[in-house]
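Here's the structure we're looking at; comments come further down.
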Amino acid sequence: MSTPDGPHGPHGLVVVDKAGGMTSHDVVSRTRRVLGTRKVGHAGTLDPMATGVLVLGVGRATRLLGHLQLSDKTYDATLRLGATTTTDDVEGEVLSTAPVDDVTEAQVREALAGFVGELDQVPSAVSAIKVDGRRAYDRVRAGEQVELAARRVRIHDLVVHDVRRAEAAVDVDLTLHCSTGTYVRAVARDLGAQLGTGGHLTSLRRTTVGPFALDAARTLEQLEAEPVVLPIAEAARRGFAAHDLDEAQAGDVRVGRKLDLDLGRPGPVALFAPDGTFLALYEQSGEQARAVAVFV
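Just so you know, numbering that gives the first Met the number 0 puts 278 at position 279 of the sequence shown, and the rest follows in order with no gaps.
Structure below.
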């Protein structure tokens, strides 16, 4: 990583390893101070109790965030069987408890295997989904009853690492590879409902978001000690399919003209000038490619 120079500050991505207890907005605010720019945004959110990968855009790269292919995410999580909570996680108030003496490891593993694939999942009531203009979690915290519609999600893979007894509960450590919009708290809730014990989430760490993983992430303390940004050209090559242009094509792209070009795939493709400058995102439109967003 390096910090790109520019007339109005850095332009690129910052992959943060978020600490627990912070909101995504808290991370954005601290990053703005560290980098000395107001133009910082985040791709998706990460609950305050969760830690791990949060992708931020800085400067012109904030325009990349809405186009990045960040649909697949991976989490390390611990689910606890034996109690339900108001928030489906450890931070909520306990609603009910149930004995787990008869729950076996084989039952837990068999039940979780049934979550792999496409499923209709009701999001947690304390999600960031808006209900009549207000976040669901705000309504829940105000004492309202919130019922959300089920959404189709996909869990690509689910690996159970450990099933162990913890006092009057059973804890399950797992890794989950899933589509965006999947709520791991809802997996804990639904597993507990299926086994008749109740369930909630006790820890959550996001290890990947699209092509960005923890090995590229920095804590806010590391960022404060060495404020660096993944330059926008490197970010575009990592986040999108790339296509290198000749000089004539680059000239057309700089003014947003359509190109007689077959990009060979659907979705945005990052276009680069012969000198490596990132110019734009284009997508296929019939026999031509058209501009999605021009960055120069």
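Backbone N, C-alpha and C define an ideal beta-carbon position, used for all residues, glycine too.
| Asked | Found |
| --- | --- |
| Reduced DSSP category for residue 147 - H, G, I as helix; E, B as strand; rest coil | coil |
| DSSP state of residue 178 mapped onto helix, strand, coil | strand |
| Opening and closing residue of the beta strand (DSSP E) in which residue 243 lies | 240–243 |
| Beta-carbon contacts of residue 231 that lie in its chain and below 8 Å, excluding the five residues immediately before and after | 3, 10, 11, 12, 58, 59, 60, 63, 277, 294 |
| Residue 280, enclosing alpha helix (DSSP H) - first and last residue | Run containing residue 280: none in the alpha helix (DSSP H); it sits in the beta strand (DSSP E), 277–284. |
| Cβ-Cβ separation, residue 284 to residue 188 (assumed contact under 8 Å), whole Å | Residue 188 to residue 284, Cβ: 43 Å. No contact. |
| As assigned by DSSP and simplified to three states, the class of residue 199 | strand |
| Length at least 3, wholly inside the stretch 21–107: the beta strand (DSSP E) runs in chain order | 39–42, 50–57, 71–80, 82–84, 93–96 |
| Contact test: residue 239 Cβ vs the ligand ADP heavy atom, cutoff 7 Å | This structure lacks the ligand ADP, and indeed carries no ligand of any kind. |
| Local conformation of residue 216 per DSSP, three classes | coil |
| Contact check, residue 79 vs residue 199, beta carbons under 8 Å | yes |
| Cβ-based burial, residue 1 [other Cβ within 10 Å; buried from 16] | Residue confidence is low: residue 1 scores 44 on pLDDT, short of 50, so the model does not pin down where it sits. Its coordinate-derived value is still stated next. Counting Cβ neighbours within 10 Å, residue 1 comes out exposed, since fewer than 16 surround it. |
| Stretch pair the stretch 194–211 + the stretch 68–86: three plus CB contacts closer than 8 Å | yes |
| Enclosing alpha helix (DSSP H) for residue 190 [first to last residue] | 183–194 |
| Whole-angstrom distance between residue 31 and residue 92, CA atom to CA atom | 34 Å |
| Three-state secondary structure assigned by DSSP to residue 16 | strand |
| At least 3 beta-carbon pairs within less than 8 Å: the stretch 179–186 vs the stretch 106–125 | yes |
| Nearest residue (CA-CA) to residue 244, options 225, 73, 268 | 268 |
| Separation of residue 262 from residue 242, as counted between CA atoms | 8 Å |
| CA nearest to the CA of residue 65, picked from 280, 286, 264 | 280 |
| Cβ distance (whole Å) where residue 156 is taken to contact residue 115 below 8 Å | 7 Å |
| Proximity of residue 26 and residue 54 at Cβ, strictly below 8 Å | no |
| N-terminal and C-terminal residue of the alpha helix (DSSP H) that residue 246 is part of | 246–253 |
| C-beta contact flag for residue 321 and residue 19 at 8 Å | Since the first and last residues shown for the chain are 0 and 295, residue 321 lies out of range. |
| Short Cβ contact (8 Å threshold) for residue 74 with residue 217 | no |
| Three-state secondary structure (DSSP) of residue 260 | coil |
| Spatially closest choice to residue 174 from 145, 164, 225, 111, by CA coordinates | 111 |
| Cutoff 6 Å; reference residue 172; Cβ partners in own chain excluding five residues on either side | 77, 160, 161 |
| Spatial neighbours of residue 108 in its chain, beta-carbon cut-off 8 Å, leaving aside the 5 residues before and after | 159, 162 |
| Helix, strand or coil at residue 109 according to DSSP, with G and I counted as helix | helix |
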